[in-house]
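Protein sequences, first through last, are from chains A and B. Heads up: the first sequence begins at 12 in the working numbering, then just goes up one per residue. Heads up: the second sequence begins at 59 in the working numbering, then just goes up one per residue. Ideal Cβ placement from N, Cα and C applies to all residues, glycine included. Please read all numbers here as calculations on a predicted model, not as lab measurements. Heads up, the thing below is written out as structure tokens.
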Amino acid sequence: MTKNNIHVLKDKSVEIISICSAIVLWQIIAVYVVGNKFYLPSFTDVIGALAEIMSRDSNLVIMGLNMQLPMLLVDFFYSMMHFSIGLIAALVIGIPIGMIMGWFRTIDRIVDPIVEMVRPIPPLAWIPFAIIWIGLNPFAAGFLIFIGAVFPIMINTFTGFKSVSRVYVEAAKVLGCNNNHELIRYVAFPSALPSIAAGIRIAMGVGWMCLVAAEMFGVSRNGLGYQMWHFYDLHRMEFVLLYMLILGFLGLFIDRLLRYYIDGKLLKWRKGVVI
Amino acid sequence: MGSVKVRNVSRNFTKDEDTSTLALDNVSLEVEDKDFVCFVGPSGCGKTTLLRIISGLDKPDSGEVYLDGTRIDSPGPDRGMVFQEYSLFPWKTVIDNIIFGPQMSGKKKKDAIVESEKYLELVGLQQFRDSYPYELSGGMKQRVAIARALANEPAVLLMDEPFGALDAQTRNILQQELLDIWQKKSITVLFVTHSVDEAVFLADKIVLMSARPGKVKEVIDVNLPRPRDRTSPEANRLRDRILKSLLKEQGH
């Protein structure tokens, strides 16, 4: 086990040295060049902020239950809630619409102009209407994330369905799979799955980017994005930077998790395909 | 049973208002049960179109096709088809590809697997049962495609240049295997090819087609005894005759 770990460390030595040098460089610049915690907090400042955050507790209220939990965990929970609301809504709405647009030419012609009109509007431009329509609650944040995530999912599903190879459809027809419902379920959907999965990955990236802004306008008193702005108001920039880093790491982690699941389980049959 | 009757079938492909190609012009043909029929002709003679019409994937502009007296107007499990392109579903394992047809006709997965094992055995790929198509060579893919088509127990097997993309050795092996399967299962095979050698080796009857518009030029009975010798003088004579006829067709 230890031997194995050492081996991995050896393998990744260049990467580790690269990250360590970046941290050292950051520390030197922050302390000796900038010399102002407000403009550029140093690495040790951020570590200090982390230690302080870890010791703080916060209240999490679910279903009447009031729980005392570490603040970071509560913020994480709220952010994941906003993110999940948006992403699930985007999946539930984006995939079916993309599917029928890709399969039925007429529906594509009806829906496409509308989609193309709405799509270029930046997700954050929806903030005023999100507040008016939904109010200051987690669903408004979810709505913004939904706007950011739904189009990549819809368009990738559409593309996946459009590019289903004709020979698969014909082979299925000859084998006795003859109506649209069966063809979509057994041929088009599995064939389009790699494209849909790629869409979901892009959507999660965009949705994550919308998260900070979505939590900015007071939908709740918790959340990683909200907390970041809260510390900005307090001029505690080392905390701001800490939350930035946490948001970055979480985004990376979620993406890796998804990729592991998709490539390892869902798209096993594509091994050997050069991506 | 698997007798196919093609009556006065015409098919016209229209590109736009002015240009159109008459792919099949009033083609009539009768194939008896358990016959092995090869369609040979210059490219663009409509042999693939004819096969697609029999399969139900394409519809004739006029005329009709009957299978055992029943008119064909859509694809169905009574006609299996093997395509020139690799048509296995890449997201399914070999066995899942083979049971696709039986599953579509409502069989439970367990029962379908039990029944399909014998087709896997027939094409000799038991050890690749749970492999995905990307792990198979071209020849193995086409073997699975044949097993998949047979799993529906069709009366007629339609094959559209199934060995066209394979190398010469694999092609010869698969031709022999196909003959064994055909004799074992006693089904009708309609086989489109551009290779005269292949047709002479395989067929009971060779349908020679002429190009633009596609018509049946001649139906040749191949009376060579089986198992056939690819290089026997009789086979060579027949090959020679067909090749000359094809050359004439191409205007040389």
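Check                                                                                                                          : Outcome
Exposure label - A/Pro133; buried when at least 16 CB within 10 Å                                                              : exposed
Inter-residue spacing [alpha-carbon to alpha-carbon] between B/Asn281 and B/Asn294                                             : 13 Å
Counted within 10 angstroms of its Cβ, other Cβ atoms place B/Gly182 as buried (16 or more) or exposed                         : exposed
DSSP three-state assignment for A/Cys221, whether helix, strand or coil                                                        : helix
Contacts that B/Arg137 makes with chain A (C-beta to C-beta distance below 9 Å)                                                : Val185
A/Ile73 in three-state terms, based on DSSP                                                                                    : strand
Bridge partners - B/Tyr124, DSSP secondary structure assignment                                                                : B/Lys63, B/Arg129
Any chain A beta carbon closer than 9 Å to B/Val64                                                                             : no
Limits of the unbroken beta strand (DSSP E) element including B/Lys275                                                         : 273–279
Distance CB(A/Trp280)-CB(B/Tyr144) smaller than 9 Å                                                                            : no
Contact the stretch 124–137 of chain B vs the stretch 101–114 of chain B: 3+ CB pairs below 8 Å                                : yes
Heavy atom of the ligand ATP within 8 Å of A/Ile207 beta-carbon                                                                : With respect to small molecules bound, the structure shown includes none, and the ligand ATP cannot be examined in it.
Distance CB(B/Cys96)-CB(B/Thr251) smaller than 9 Å                                                                             : yes
Given A/Asp86 as reference, the closest of A/Leu71, A/Ile96, A/Ser176, A/Leu252 once Cα atoms are compared                     : A/Leu71
Per-residue contacts from A/Tyr179 into chain B (C-beta, under 7 Å)                                                            : Ser145, Phe147
Short CB-CB distance (under 9 Å) between A/Trp137 and chain B                                                                  : no
Chain-order list of residues whose beta-carbon lies under 8 Å from that of A/Lys173 (same chain, five-residue window excluded) : Gly113
CA nearest to the CA of B/Arg270, picked from B/Ala261, B/Ala81, B/Glu122                                                      : B/Ala81
Proximal residues to A/Val285 (C-beta, below 7 Å), its chain only, five neighbours per side dropped                            : Only weak support exists for where A/Val285 lies, its pLDDT of 42 falling under 50; the value from the coordinates is given anyway. Excluding residues within five positions, none has a Cβ falling inside 7 Å.
For A/Arg232, three-class secondary structure by DSSP                                                                          : coil
First through last residue of the beta strand (DSSP E) which encompasses A/Ala33                                               : A/Ala33 -> not in any beta strand (DSSP E); alpha helix (DSSP H) instead, spanning 24–39.
Contact list for A/Ala182 against chain B, beta-carbon separation under 7 Å                                                    : Phe141, Ser145
Closer than 9 Å to chain B by CB, A/Arg281                                                                                     : yes
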